[in-house]
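Residue numbers (the working numbering), protein chains in the order written: chain A, 1 to 404; chain B, 1001 to 1404. By construction, the Cβ of each residue, glycine as well, lies at the ideal position given by its N, Cα and C atoms. Before any comments, here is the structure.
2 protein chains.
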Amino acid sequence: MYKINENYLKLPGSYLFSTIGKKVRAFEAANPDKKIIRLGIGDVTQPLAPAIIEALHSAVDEMSQAETFRGYAPDLGYEFLRNVIAQKDYKDRGCAIEADEIFVSDGAKCDSGNIQEIFSVDNKIAVCDPVYPVYVDTNVMAGRTGEYDELTQNFKDVIYMPCLAENGFAPELPTETPDLIYLCFPNNPTGATITKAQLQEWVDYANRVGAVIIYDAAYEAYIVEPEVPHSIYECEGARTCAIELHSFSKNAGFTGVRLGYTVVPKDLKCGDVTLHSLWARRHGTKYNGAPYIIQRAGEAVYSEKGQAQLKEQIAYYQKNASTILQGLKEAGYTVSGGVNAPYIWLKAPNGMTSWEFFDYLLEKANVVGTPGSGFGANGETYFRLTAFGSYENTVEAIDRIKAL
Amino acid sequence: MYKINENYLKLPGSYLFSTIGKKVRAFEAANPDKKIIRLGIGDVTQPLAPAIIEALHSAVDEMSQAETFRGYAPDLGYEFLRNVIAQKDYKDRGCAIEADEIFVSDGAKCDSGNIQEIFSVDNKIAVCDPVYPVYVDTNVMAGRTGEYDELTQNFKDVIYMPCLAENGFAPELPTETPDLIYLCFPNNPTGATITKAQLQEWVDYANRVGAVIIYDAAYEAYIVEPEVPHSIYECEGARTCAIELHSFSKNAGFTGVRLGYTVVPKDLKCGDVTLHSLWARRHGTKYNGAPYIIQRAGEAVYSEKGQAQLKEQIAYYQKNASTILQGLKEAGYTVSGGVNAPYIWLKAPNGMTSWEFFDYLLEKANVVGTPGSGFGANGETYFRLTAFGSYENTVEAIDRIKAL
């Protein structure tokens, strides 16, 4: 008789955003007249930029003719895309990353979930608390976390690095030595950032203790302050200790388009084995490439027109972030993030828990946010709002919250 | 110090098709004047059907306007696609499969690689020999197979079910009881099929011993004989023992478009736990949906125009299959498959090994095929050709082989 992967049963409840979705659908069904404003899931709302639309149409036309039709993509992704990524995201920033160290994929969520597969199940992970749930949940599924403790809301064998108001929501080096360290800056969910000097400390630490940093740079396009690094490879020594994940979801509005990439430098080695070779093997065996037309859309992100149009799109969301940040401050909330990030992290008022505030906001203001406790024990009493709504809806949501 | 997933080191050499790619590139570099014809990888060559192109353009236009823009897709895939799949691929064939038992993905390769994650690492797998390498390799990576034995070219803990000329390349029920059984009909690589009555025996067996059948139906569109089932759910009792994988790669030319789906019936349970809930959890946590525009392309596959156009496209490849089958027979080869399948399985002549014949064919006829030994020990001395080239190239390749 077959057996299931029992690790799945350790996962408490269902995936955060599925739970939110269910609650919102139930509220909608009960209140069909209410206009709900969604500032919960980090899903974008602005249409694709014209340069991207043009590239998509053109690639679709190529697929209609035998001479220009494309079947399976090369394992790592098309060179036209990997070359421009290596140039614009790395070399232009002084980072020594080559095109053949870039693996194109269908998004950073998949990569951030799959990357743990190339590591031993015995490895110990360290995560920020609060944290993007995918890092933890995928390690639970792999059997790397031990049991869940209802009381602490922690997994027994995970090293949690508290990100609190006291430390500016920036994790401190852990006392227990981890094998894999998940970092994400600008951070999801807190919107916090760290400086290049601070990130350098993490790189030095990882190299010293023999840990790998899985660096999620999904929100780097929102960085406005010069001391905040866009890539971990801006730090010296990162090529021997860091994997970097990139998303096109937030910098180019690709949440429904699906494109991302992961960088595994060839200098990253465990004994004789390069992690590049392991990830290449996984990529080639369990994955079959992002669609050709989507890879062409990714290329257009880096074109001159694309860059100009996306700068405007990001500015649009940044204005939303400012609107939320300033509005909530004016309304007397304790709030952070929202400067170099599309996420605003606020303290639930009047001693409410995260889910109490979720229900309160949904019922009284018909605004959907994300309960901080969904991101970890130290997210309790916090709440995340995102800048990805339309400007009009964002203004209206903040007006409603102010009026509460 | 972190450790890698040591199971990766058990994999012998690199992924079959990567190896072929390297050999072909080396030959090309050394012989730039030679016109190579590729009948190796199962990659299609015909352009996308007009109905699909139209759907893609239309969906791209939707993504250009805020009112019709789509972000993250629903976890299981869009209803418009799941509904039409449930109707056309199942209900119309008398199979009781509902839309919420269908999980849309970016292809059957990913799903066939990922599906094992929801099962215990202790489970024992049974595979045909020869077999599509992804089934075995992904289980190796997961630590389910034990060590590789160079001598037998087998993994110690895998149950291999020989598919030989003697049994018509159809596996027999294994003597040792497996937990997971991978079946693929029409088969890759042999092109063999089994009848509905034969498949019913497998379903009955799986239900009897408590095994799950992972049924890969990637090539069902090529079936011409009425007694060959298109879906395992045509068999009674399959809802309690079978998961089915579907690809759009071969029935709609989507190798570079990326779309597939997996069916997990809600009756498939291990104790109280439905495999549907586990796969839903995996899908929601480690995956983020196929692109909206690609799901619209998938919908167009089932439209009246799409169906008519794809019938022609499949007929085109079927004609290639016949051309190869007949041509090789005329040239004196021992050959099978190619009737209900786009694959032709031939015995290497004159006692050559599979790779010897690969090199011979590449050098003497400049034709690329796939060595049977790459699919398992019992594939040795066999060779796979595919029907996915252009008709002109297929004819020329066979003429060249005949002239050897």
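Of the residues the options, which one's Cα is nearest the Cα of residue i?
{"i": "C1184(B)", "options": "Y1215(B), F1155(B), E1176(B), P1171(B)", "result": "Y1215(B)"}
{"i": "D399(A)", "options": "V131(A), I37(A), P229(A), V104(A)", "result": "I37(A)"}
{"i": "T255(A)", "options": "L48(A), E330(A), I115(A)", "result": "L48(A)"}
{"i": "L1325(B)", "options": "I1053(B), P1342(B), L1278(B)", "result": "P1342(B)"}
{"i": "S1058(B)", "options": "K1402(B), P1371(B), A1297(B), I1232(B)", "result": "A1297(B)"}
{"i": "G191(A)", "options": "Q198(A), E67(A), E234(A), S336(A)", "result": "S336(A)"}
{"i": "N167(A)", "options": "N154(A), A403(A), T193(A)", "result": "T193(A)"}
{"i": "D157(A)", "options": "G260(A), D122(A), A211(A)", "result": "D122(A)"}
{"i": "N1369(B)", "options": "Q1065(B), L1016(B), L1056(B)", "result": "A small correction: the amino acid at residue 1369(B) is Gly; Asn does not occupy that position in the sequence shown. Checking every option, the nearest Cα to that of G1369(B) belongs to L1016(B)."}
{"i": "P236(A)", "options": "K109(A), N207(A), R70(A), D111(A)", "result": "It is worth fixing the name first, because residue 236(A) is Glu in this sequence and not Pro. Taking only the C-alpha atoms, the option nearest E236(A) is N207(A)."}
{"i": "F1027(B)", "options": "D1111(B), N1366(B), D1204(B)", "result": "N1366(B)"}
{"i": "I223(A)", "options": "L275(A), V273(A), N187(A)", "result": "N187(A)"}
{"i": "Y1132(B)", "options": "K286(A), Q295(A), Q313(A)", "result": "K286(A)"}
{"i": "N1083(B)", "options": "S1373(B), Y1261(B), I1053(B), E1067(B)", "result": "Y1261(B)"}
{"i": "G253(A)", "options": "L1268(B), P1291(B), S1247(B)", "result": "P1291(B)"}
{"i": "G107(A)", "options": "A403(A), G289(A), V339(A)", "result": "G289(A)"}
{"i": "D75(A)", "options": "K1022(B), D1033(B), K1269(B)", "result": "K1022(B)"}
{"i": "E1304(B)", "options": "I1052(B), Q1200(B), K1319(B)", "result": "I1052(B)"}
{"i": "K196(A)", "options": "Y2(A), E234(A), N7(A)", "result": "E234(A)"}
{"i": "A1321(B)", "options": "G1338(B), L1328(B), G1306(B)", "result": "G1338(B)"}
{"i": "F248(A)", "options": "L310(A), F69(A), A96(A), A73(A)", "result": "L310(A)"}
{"i": "R281(A)", "options": "Q1046(B), E1006(B), N1031(B)", "result": "E1006(B)"}
{"i": "K266(A)", "options": "R258(A), S277(A), C128(A)", "result": "S277(A)"}
{"i": "G1042(B)", "options": "Q46(A), Y72(A), L346(A)", "result": "Y72(A)"}
{"i": "F375(A)", "options": "G13(A), I4(A), K3(A), Y8(A)", "result": "G13(A)"}
{"i": "I1213(B)", "options": "I1344(B), I1115(B), S1373(B), K1035(B)", "result": "I1115(B)"}
In three-state DSSP terms, what is residue i?
{"i": "V339(A)", "result": "coil"}
{"i": "E380(A)", "result": "coil"}
{"i": "V121(A)", "result": "coil"}
{"i": "K88(A)", "result": "helix"}
{"i": "C110(A)", "result": "helix"}
{"i": "F1155(B)", "result": "strand"}
{"i": "L1346(B)", "result": "strand"}
{"i": "D129(A)", "result": "strand"}
{"i": "I401(A)", "result": "helix"}
{"i": "I37(A)", "result": "strand"}
{"i": "Y1072(B)", "result": "coil"}
{"i": "Y148(A)", "result": "strand"}
{"i": "L9(A)", "result": "helix"}
{"i": "I1115(B)", "result": "helix"}
{"i": "T386(A)", "result": "strand"}
{"i": "T1334(B)", "result": "coil"}
Quick one: is residue i buried, meaning 16 or more other Cβ sit within 10 Å of its Cβ, or exposed?
{"i": "D149(A)", "result": "exposed"}
{"i": "E117(A)", "result": "buried"}
{"i": "T334(A)", "result": "exposed"}
{"i": "E1244(B)", "result": "buried"}
{"i": "F80(A)", "result": "exposed"}
{"i": "K1250(B)", "result": "buried"}
{"i": "E101(A)", "result": "buried"}
{"i": "E67(A)", "result": "exposed"}
{"i": "A387(A)", "result": "buried"}
{"i": "R1093(B)", "result": "exposed"}
{"i": "R1025(B)", "result": "exposed"}
{"i": "N1350(B)", "result": "exposed"}
{"i": "Q87(A)", "result": "exposed"}
Could you tell me the boundaries of the beta strand (DSSP E) in which residue i lies?
{"i": "C184(A)", "result": "180 to 184"}
{"i": "A26(A)", "result": "Note, A26(A): premise wrong, no beta strand (DSSP E); alpha helix (DSSP H) at 16 to 30."}
{"i": "Y160(A)", "result": "159 to 162"}
Could you please give the first and the last residue of the uninterrupted alpha helix (DSSP H) stretch that includes residue i?
{"i": "G1298(B)", "result": "1292 to 1301"}
{"i": "M1141(B)", "result": "1133 to 1142"}
{"i": "F80(A)", "result": "79 to 85"}
{"i": "A59(A)", "result": "50 to 63"}
{"i": "L1245(B)", "result": "Segment 1242 to 1247 is the beta strand (DSSP E) holding L1245(B); no alpha helix (DSSP H) there."}
{"i": "S1354(B)", "result": "1354 to 1360"}
{"i": "V1104(B)", "result": "Element bounds for V1104(B): not the alpha helix (DSSP H) but the beta strand (DSSP E), 1102 to 1105."}
{"i": "V1044(B)", "result": "It is not in any alpha helix (DSSP H) - V1044(B) carries neither H nor E in the DSSP assignment."}
For the ligand FAD, I want to know if residue i counts as a neighbour, meaning its beta carbon is within less than 7 Å of at least one of the ligand's heavy atoms.
{"i": "Y1302(B)", "result": "Inclusion of the ligand FAD in the displayed structure is not the case, the ligand content being empty and no account of it being possible."}
Whole beta strand (DSSP E) elements within the stretch 253 to 323 of chain A, 3-residue minimum = 260 to 263
At 3 residues or longer, and completely inside the stretch 174 to 240 of chain A: list those beta strand (DSSP E) runs for me, N to C.
-> 180 to 184, 212 to 216
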